[in-house]
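Accompanying notes for the structure given below.
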Amino acid sequence: MTTRLLEIENLNVRLAAGRAARPILDGVSLHVERGEAVGLVGESGSGKSVTCRSVLGLLPEGSQAAGSLRVDGEDILTMSSNRLRELRRRDVSMIFQDPRASINPIRRIGDFVTEGMRAGGVPQKDALKRAEELLESVGIREPRAALRSYPHEFSGGMLQRVMIAGALAGGPRLLLADEPTTALDVTTQAEVISIITRLQAERDMGMLFVTHDLELAAAICDRIYVMYAGRIVEAQSAERLFRRPRHPYTSGLLAATPRLESDQPPHGVPGRPVSLAEAPDGCAFAARCAHARPGCTEDEPVQREIDGAQVACLRAEELIHD
Amino acid sequence: MTEYALEVENLRKSFGGHVAVDDVSFSLKPGGSLAIVGESGSGKTTTARMLVGLERPDSGRIRVVGRDRSNAARGKATRLARARELQMVFQDPYLSLDPRVSVAQCVEEPLRLHFGMSPRERRARRDELLERVGLGEREADALPRRLSGGQRQRVAIARALATEPKVLILDEATAALDVSIQAQILDLLAEIRRDTGVGYLFVTHNLALVRHIADDILVLYQGRVVESGPTRDVLAAPEHPYTRLLLHSVPRPGWDPAQIAADRRALATALREARAPSAAAEPARHDPDAAPTRRSVTP
Chain A
1 MTTRLLEIEN
11 LNVRLAAGRA
21 ARPILDGVSL
31 HVERGEAVGL
41 VGESGSGKSV
51 TCRSVLGLLP
61 EGSQAAGSLR
71 VDGEDILTMS
81 SNRLRELRRR
91 DVSMIFQDPR
101 ASINPIRRIG
111 DFVTEGMRAG
121 GVPQKDALKR
131 AEELLESVGI
141 REPRAALRSY
151 PHEFSGGMLQ
161 RVMIAGALAG
171 GPRLLLADEP
181 TTALDVTTQA
191 EVISIITRLQ
201 AERDMGMLFV
211 THDLELAAAI
221 CDRIYVMYAG
231 RIVEAQSAER
241 LFRRPRHPYT
251 SGLLAATPRL
261 ESDQPPHGVP
271 GRPVSLAEAP
281 DGCAFAARCA
291 HARPGCTEDE
301 PVQREIDGAQ
311 VACLRAEELI
321 HD
Chain B
1001 MTEYALEVEN
1011 LRKSFGGHVA
1021 VDDVSFSLKP
1031 GGSLAIVGES
1041 GSGKTTTARM
1051 LVGLERPDSG
1061 RIRVVGRDRS
1071 NAARGKATRL
1081 ARARELQMVF
1091 QDPYLSLDPR
1101 VSVAQCVEEP
1111 LRLHFGMSPR
1121 ERRARRDELL
1131 ERVGLGEREA
1141 DALPRRLSGG
1151 QRQRVAIARA
1161 LATEPKVLIL
1171 DEATAALDVS
1181 IQAQILDLLA
1191 EIRRDTGVGY
1201 LFVTHNLALV
1211 RHIADDILVL
1221 YQGRVVESGP
1231 TRDVLAAPEH
1241 PYTRLLLHSV
1251 PRPGWDPAQI
1261 AADRRALATA
1271 LREARAPSAA
1281 AEPARHDPDA
1291 APTRRSVTP
């Protein structure tokens, strides 16, 4: 069997001892193949961002992680810091949500885009030439002039393109996108997404796309993982997830999303999303679930396969949400 | 004569040389629901801010329940009277509530300011308002940091309703919330409108949301109204290319972001070319058909 581009197995993360000590991820397993776009969807506190960041070894300070997290077979959790730096520079890149918060405002755009290349020993002149090409490929007009500009001279959408150019500088095989368009307008979102998906396909990169927007994930991803309270509750192909959600939380999310093409008004899920630390025994969603039975609050549902879907719900076989 | 809850005529505002809001007119019937949609820079938030008096229009008229508020309020009594008629709920419930003020005090404050109630009446009314938005005693005693985003937004709504306004402006009021919570807040807002007859002015860029919450829609692009009319009609058969672009931009299965990006560039170019000659020569000229509440499309 060939190794997978990204393989996370049974990842558990706990914040360190002290006042804030608590678990945040419980038994998270997922994978991304080469050239595949995978969505990781959840609401606040679900652990989707922590999962995504853990791939770059960016865990919350002092936290403890158990399980395995392999990029092309190499385990991130046991990697030396030198190797980890090299991996971040060359193999795995991240696009963050807010470009204004992630790009140094007092350095030029050229410095930002070439940073990784220069650290990797590419001569300044070559790095700048490469940066110019990258800026052009993300649709920045006059890329040469842009290299000498500062972040404040760009709009949010344009700066997000700069971040994408920077992320691609090392020629990564895996792209991590953490809500890359949440801070943007709908029309700008479409533009940035078209750039990301085009480059992902052209360069045959694997992509892990984190979002709270199930519709957006379904529009661009091959497969989707749905997270709730630090656990993965469902995984399916995007198309099937929409047609036939297996977990009551997934169908609740779908019903809560306002739709253009539907007369059905959005229908709220009672209660609020909980984090893993607040989750009671048994299924974390049970308190909000219309299908909960007494057994649901006792046993934590084990993930299993039903019709090509991975579902963690005790009643998954009986319930079909159309 | 119908009295509108809110009536705006030829509103205009510029910042330096940039015209942010350009000849915007619309009206809202009592108990109606209107959505102003557009991307950032379209002038939708500036319009909302002028309505509540956070910005001063360069020209144009704003009338709320028939009373003019185009000029700055003189004196406390006028300011209070205006605040009673029109209230606003902001986007980010993490920024819009004072972190040191408990929920109970937060909701009591407008009651103290606006009505001569005894402390006892005030507490009773406060509890009534909190119950209206689904919050209980435990939340009343809490500081905002103990509350979730959805609960905070409920507090903001309760506070806004305290003065029994005729119009509530909701500036992306559910954008920062989780989807499952957003739907709860939308349900709550629909219920409140049914029961109290308050009118809503939604400011948003989410057309899928507009479809379910607004009777009428006003599409702004670069400060101007490009299309308006009943939401159902506008969304079913958008006439202005910008409205079509907004519609296509909503992610859904079979979505084609590359096509949208191309359309967006084409639209920006077309409009720049169409406007350049007339805008330079005669900036005050506008199409006369921008009247609201009926179906209309500008250039």
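In order, the protein sequences belong to chains A and B.
Residues 1 to 322, numbered by the working numbering, are exactly what the first sequence covers, in order.
Residues 1001 to 1299, numbered by the working numbering, are exactly what the second sequence covers, in order.
Here a beta-carbon is modelled for each residue, glycine too, at the ideal position from N, C-alpha and C.
Contacts of residue i in chain A (Cβ-Cβ under 7 Å)
i, result
"B/HIS1212", "PRO258, PRO265 and PRO266"
"B/GLN1184", "GLY268"
"B/ASP1068", "Neighbours of B/ASP1068 on chain A: none; closest Cβ ~33 Å, over 7 Å."
Cross-chain neighbours of residue i in chain B, by beta carbon under 9 Å
i, result
"A/PHE242", "PRO1253"
"A/ASP178", "None at all; the shortest Cβ gap to chain B is about 16 Å."
"A/ASP213", "VAL1179 and PRO1251"
"A/THR197", "PRO1257 and ALA1258"
For residue i, the residue or residues it bridges with in DSSP
i, result
"B/VAL1021", "B/LYS1013"
"A/ASN12", "A/ALA66"
"B/GLN1087", "B/LEU1168"
"B/PRO1230", "B/ASP1216"
"A/PHE209", "A/GLY39 and A/ALA177"
"B/ASP1068", "B/ARG1063"
"A/MET227", "A/ILE232"
"A/GLU7", "A/HIS31 and A/ARG70"
"A/MET94", "A/LEU176"
"B/ALA1035", "B/PHE1202 and B/ILE1217"
"A/PHE285", "Looking at the DSSP assignment, A/PHE285 forms no beta bridge with any residue, so it has no partner."
"B/VAL1225", "B/LEU1220"
"A/ILE76", "A/ILE76 pairs with nothing; no bridge assigned."
"A/GLN310", "A/ALA235 and A/GLU305"
Residue closest to residue i, alpha-carbon to alpha-carbon, out of the options
i, options, result
"A/CYS52", "A/MET227, A/HIS291 and A/GLY282", "A/MET227"
"B/ARG1084", "B/ALA1266, B/THR1163, B/GLU1227 and B/PHE1202", "B/THR1163"
"A/ILE195", "A/THR211, A/TYR225, A/VAL162 and A/LEU174", "A/VAL162"
"A/GLU36", "A/VAL138, A/PHE209 and A/LEU128", "A/PHE209"
"A/HIS291", "A/ASP222, A/TYR249, A/ASP98 and A/GLU132", "A/TYR249"
"A/ALA279", "A/VAL32, A/SER46 and A/ARG107", "A/SER46"
"A/GLY27", "A/ARG272, A/LEU11, A/LEU15 and A/ALA20", "A/LEU11"
"A/ASN82", "A/ALA101, A/GLU61 and A/GLY57", "A/GLY57"
"A/ARG198", "A/VAL13, A/VAL138, A/ASN104 and A/GLN124", "A/VAL138"
"B/LEU1189", "B/HIS1205, B/GLU1121 and B/VAL1167", "B/VAL1167"
"B/ALA1261", "B/PRO1253, B/GLU1273, B/LEU1247 and B/ALA1274", "B/LEU1247"
"B/ARG1132", "B/GLU1121, B/ALA1160 and B/GLY1199", "B/ALA1160"
"A/THR297", "A/GLY308, A/ASN104, A/ASP307 and A/PHE285", "A/PHE285"
"A/ALA256", "A/GLU318, A/ASP213 and A/VAL233", "A/ASP213"
"B/ARG1232", "B/VAL1210, B/ALA1073 and B/ASP1068", "B/VAL1210"
"B/THR1078", "B/PRO1093, B/GLY1053 and B/MET1088", "B/GLY1053"
"A/ARG173", "A/SER155, A/GLY73 and A/GLN200", "A/GLN200"
"A/PRO99", "A/ALA66, A/LYS125, A/PRO151 and A/GLY110", "A/PRO151"
Whether residue i touches residue j by CB criterion (9 Å)
i, j, result
"A/ARG259", "B/ALA1208", "yes"
"A/LEU25", "A/VAL50", "yes"
"B/LEU1186", "A/PRO265", "yes"
"B/PRO1251", "A/LEU216", "yes"
"A/ALA169", "A/ARG130", "yes"
"B/VAL1064", "B/LEU1143", "no"
"A/PRO23", "B/ILE1181", "no"
"A/VAL186", "B/GLU1139", "no"
"B/LEU1086", "B/VAL1107", "no"
"A/ARG144", "A/GLU153", "no"
"A/LEU15", "A/SER63", "yes"
"A/GLY116", "A/ARG148", "no"
"A/VAL122", "A/VAL92", "no"
Chain B residues whose Cβ lies nearer than 7 Å to that of residue i
i, result
"A/ASP185", "GLU1039, SER1040 and HIS1205"
"A/GLY252", "SER1180"
"A/LEU159", "The premise fails here: A/LEU159 is roughly 13 Å from chain B at the closest Cβ pair, so nothing lies under 7 Å."
8 Å Cβ cut-off: residues of chain A touching residue i
i, result
"B/GLY1150", "ARG272"
Residue i: contacting residues in chain A (beta-carbon distance under 9 Å)
i, result
"B/LEU1209", "PRO258 and PRO266"
"B/LEU1246", "VAL186 and THR187"
"B/ASP1187", "PRO265, PRO266, HIS267 and GLY268"
Contact set between residue i and chain B, taken where Cβ atoms lie within less than 8 Å
i, result
"A/GLU191", "PRO1257, ILE1260, ALA1261 and ARG1264"
Do the segment 1176 to 1194 of chain B and the segment 1117 to 1131 of chain B make contact, defined as three or more Cβ pairs closer than 8 Å? Using a Cβ-Cβ distance cut-off of 8 Å, the segment 1176 to 1194 of chain B and the segment 1117 to 1131 of chain B are not in contact, since fewer than three pairs of beta carbons, one from each stretch, lie closer than that value.
Measuring CB atoms only, is the segment 1142 to 1162 of chain B touching the segment 237 to 244 of chain A, in the sense that at least three cross pairs come out at less than 8 Å? no
Do three or more CB pairs link the segment 1034 to 1045 of chain B to the segment 1214 to 1221 of chain B at distances below 8 Å? yes
Touch check for the segment 1015 to 1034 of chain B and the segment 1220 to 1227 of chain B: three-plus C-beta pairs under 8 Å? yes
Could you check whether the segment 73 to 80 of chain A touches the segment 158 to 176 of chain A, counting it as contact only if at least three pairs of C-beta atoms, one from each stretch, sit closer than 8 Å? no
Hey, is the segment 6 to 14 of chain A in contact with the segment 180 to 192 of chain A, meaning 3+ C-beta pairs nearer than 8 Å? no
Touch test, the segment 1095 to 1102 of chain B against the segment 1113 to 1120 of chain B, Cβ-Cβ under 8 Å, three pairs minimum: no
Evaluate contact between the segment 1009 to 1017 of chain B and the segment 1046 to 1061 of chain B, counting only Cβ atoms and requiring at least three cross-stretch pairs below 8 Å. yes
Please confirm if the segment 203 to 218 of chain A is in contact with the segment 174 to 181 of chain A, defined as three or more CB-CB distances below 8 Å between the two stretches. With the cut-off at 8 Å, the segment 203 to 218 of chain A and the segment 174 to 181 of chain A touch.
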